[in-house]
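Chemist: Pasting a structure below so you can have a look.
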Amino acid sequence: MKINKSSIPRPHAAVNEIYITRKRPIQAYIKRAEKLMEQEIKELIIHGSGMAIPRALDVANNLRRFYNSFEIQTSSVAVVDELDHSENCEDDSRLRLIPAVHIRLSDLK
1 MKINKSSIPR
11 PHAAVNEIYI
21 TRKRPIQAYI
31 KRAEKLMEQE
41 IKELIIHGSG
51 MAIPRALDVA
61 NNLRRFYNSF
71 EIQTSSVAVV
81 DELDHSENCE
91 DDSRLRLIPA
101 VHIRLSDLK
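Per the UniProt record's numbering, residue 1 is the first one in the sequence shown, and the count goes up by one each step.
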């Protein structure tokens, strides 16, 4: 049996949103947020899912000193994976829930 894992569907990010992944260094996200602060963006939303949640929390914690308000929401994202049973040629699917975190930093100091 082979599992073809699907990736999380992500909407196009707004100007004030940052989607965190495991691949980029944390410092790159902090620099991006600092550029947004220079543009006087009053509210910043940081998204992380699955294994990127700790990194999203680290980024938000580093930026917290620049904002007066800090709000965290959690959610789960449903992803459908395809199961390939090659010997009897039956394809099935399974639903997988991936945890996600959404951190809203607002009221720029």
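Note that the Cβ used here is the ideal one computed from N, Cα and C, for glycine as well.
Predicted, not measured: the structure shown is a model, and the values here were computed from it.
If you run the structure through DSSP and keep just helix, strand and coil, what is K31?
Modeler: Looking at K31 - three-state DSSP - the assignment turns out to be helix.
Chemist: Taking DSSP as the reference, what is the three-state secondary structure of I45?
Modeler: In the structure shown, I45 sits in a strand (DSSP, three-state: E or B).
Chemist: Name the residue from N62, E43, K23 and K109 whose alpha carbon lies nearest to the alpha carbon of A14.
Modeler: A14 has its Cα closest to that of E43, out of N62, E43, K23 and K109.
Chemist: Please tell me whether V79 and R96 are closer than 7 Å, where the distance is taken between their beta carbons.
Modeler: Going by C-beta atoms, V79 is nearer than 7 Å to R96.
Chemist: Out of L108, D84 and V101, point me to the one whose CA is closest to K2's CA.
Modeler: K2 has its Cα closest to that of D84, out of L108, D84 and V101.
Chemist: Counting only runs that start and end within the segment 54-101, where is the beta strand (DSSP E) found for 3 or more residues in a row?
Modeler: List check, beta strand (DSSP E) in window: 67-85.
Chemist: Suppose contacts are defined by Cβ-Cβ distances below 7 Å. Is D107 in contact with S69 by that definition?
Modeler: Yes, the pair counts as a contact, with Cβ atoms nearer than the cut-off.
Chemist: State the Cα-Cα distance for the pair F66 and E40, rounded to the nearest angstrom.
Modeler: Taking the straight line from one Cα to the other gives about 12 Å.
Chemist: Give the DSSP bridge partners of S106, in chain order.
Modeler: E43 and S69.
Chemist: Could you tell me the alpha carbon to alpha carbon distance between Q73 and P54, rounded to whole angstroms?
Modeler: Between Q73 and P54, the C-alpha separation is close to 14 Å.
Chemist: Determine the burial state of A28: buried for a count of at least 16 other Cβ atoms within 10 Å of its Cβ, exposed for fewer.
Modeler: Exposed is the call here.
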